[in-house]
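Trainee:
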Ligand SMILES: [Zn+2]
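Numbering (this note's numbering), first residue to last: 3 to 284.
Okay, structure coming up:
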């Protein structure tokens, strides 16, 4: 499932083909992709708008619209399991699994989705639509100390807390497991019992892991995630724990374990990431 690095890669690669384009029409092959909106509503909101900016917030691609220079709301795209965005020329054949097509004054934007859990919807007010999300881990408002304070003020197992989009935006199963391994913290460690230095170091590891994954255009460990150019990401070659159950830890050679925590498959090194019920000192 695409997380922050995959969504960031998608936004960066579709941006050059979209910014400055005008929406001429809309074709919908699966109305549920519109997240409760009708085709007529989407047409009324989008047709005639110019695409002003393309960005990312948490795991959403955010396409900002304007009319005569005035903001007109946003298209929010959530890729969920198998969603993809592809920009193509108007004369190129329509790709398979196209659920929504935007006809532009030059080219087209396709929302492809094999399993149909993704969403391509419109919201008139971006701030309202995204208000439930916590801070961004990269170039967000939090310093390592702010993060450590917020983390230690909660009383939850650390992995489910980091997956909670209202606490910190953009992380999913893969990058949480990888970051906790890097910071040597057990996934079930209560968040209020992580030491201040360790919590601050964790923020740095989250940023490092995410930046390295963006640099490699995300992770493709199954046949689903591909960049808008159709290429797999390359960060899966650097996984230390995710999907590596039974294989030796790169630091201590202990076999990586997989457990289920908060209904999610969770990977960690039982020797490097020790659960301590008492408050950690360092
Ligand atoms: Zn280890």
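Every residue, glycine too, gets a C-beta built ideally from N, C-alpha and C.
Bear in mind that the values here come from a model prediction, so they are computed numbers and not experimental data.
1) So for residue 82, helix, strand or coil by DSSP?
2) Give me the Cα-Cα distance between residue 10 and residue 86, rounded to the nearest whole angstrom.
3) When the distance is taken between beta carbons, is residue 75 closer than 9 Å to residue 128?
4) Less than 8 Å between the CB of residue 259 and some heavy atom of ligand 1, yes or no?
5) Would you call the CB atoms of residue 97 and residue 111 closer than 9 Å?
6) Given the structure, does residue 191 come close to ligand 1, in the sense that its CB is under 8 Å from one of the ligand's heavy atoms?
7) Given that a residue counts as buried once 16 or more other Cβ atoms are within 10 Å of its Cβ, and exposed if not, what is residue 18?
8) Could you name the residues that DSSP lists as bridge partners for residue 125?
9) Do residue 84 and residue 179 count as a contact pair if the criterion is CB distance below 9 Å?
10) Out of 237, 187, 125 and 135, point me to the one whose CA is closest to residue 273's CA.
11) Please find out if some non-hydrogen atom of ligand 1 comes closer than 8 Å to the beta-carbon of residue 253.
12) Just the C-alpha distance for residue 183 and residue 69, rounded to the nearest angstrom, thanks.
13) So, at 6 Å on beta carbons, what are the nonlocal neighbours of residue 226 in its own chain, with the 5 sequence-adjacent residues on each side left out?
14) Say whether the segment 43 to 60 touches the segment 19 to 34, bearing in mind that this needs 3 or more beta-carbon pairs closer than 8 Å, one atom from each stretch.
15) Less than 8 Å between C-beta atoms, sequence neighbours within five positions excluded: which residues of the same chain meet that for residue 229?
16) Kindly indicate which three-state DSSP category residue 43 falls into: helix, strand or coil?
Mentor: By the coordinates alone:
1) Position 80 of the chain shown, counted from the start, is the residue given in the question as residue 82. In the structure shown, residue 82 sits in coil (DSSP, three-state: anything other than H, G, I, E or B).
2) On the chain shown, residue 10 is found 8 positions in, with the first residue counted as 1. On the chain shown, residue 86 is found 84 positions in, with the first residue counted as 1. Approximately 12 Å, taken between the alpha carbons.
3) As a position in the chain shown, residue 128 is number 126, starting the count at 1. As a position in the chain shown, residue 75 is number 73, starting the count at 1. Their beta carbons are under 9 Å apart, which means residue 128 touches residue 75 by this criterion.
4) For the purposes of this step, residue 259 is taken as the residue at position 257 of the chain shown. No.
5) Numbered from its first residue, the chain shown carries residue 97 at position 95. Numbered from its first residue, the chain shown carries residue 111 at position 109. Not in contact: residue 97 and residue 111 (Cβ atoms no closer than 9 Å).
6) Numbered from its first residue, the chain shown carries residue 191 at position 189. Because no heavy atom of ligand 1 lies under 8 Å away, the Cβ of residue 191 does not count as near it: no.
7) In the chain shown, counting from the first residue as 1, residue 18 sits at position 16. When all chains shown are included, residue 18 counts as exposed.
8) In the chain shown, the residue the question calls residue 125 occupies position 123. Answer is 76, bridged to residue 125.
9) Here the question's residue 179 lines up with position 177 in the chain shown. Here the question's residue 84 lines up with position 82 in the chain shown. No; because the gap between Cβ atoms is not below 9 Å, this pair is not in contact.
10) As a first step, residue 273 must be located in the chain shown, where it is residue number 271. Per the Cα distances, 187.
11) Start at 1 with the first residue of the chain shown, and residue 253 comes out as number 251. It does: the Cβ of residue 253 is within 8 Å (strictly closer) of some heavy atom of ligand 1.
12) Within the chain shown, residue 183 is the residue found at index 181, counting from 1. Within the chain shown, residue 69 is the residue found at index 67, counting from 1. Looking at the two C-alpha atoms, the distance is approximately 47 Å.
13) Working through the chain shown from its first residue, we reach residue 226 at position 224. Cβ within range, chain order: 84.
14) yes
15) In the chain shown, the residue the question calls residue 229 occupies position 227. Contacts found: 11, 12, 15, 219, 220 and 235.
16) Mapped onto the chain shown, residue 43 falls at position 41. Residue 43: helix per DSSP, three-state reduction.
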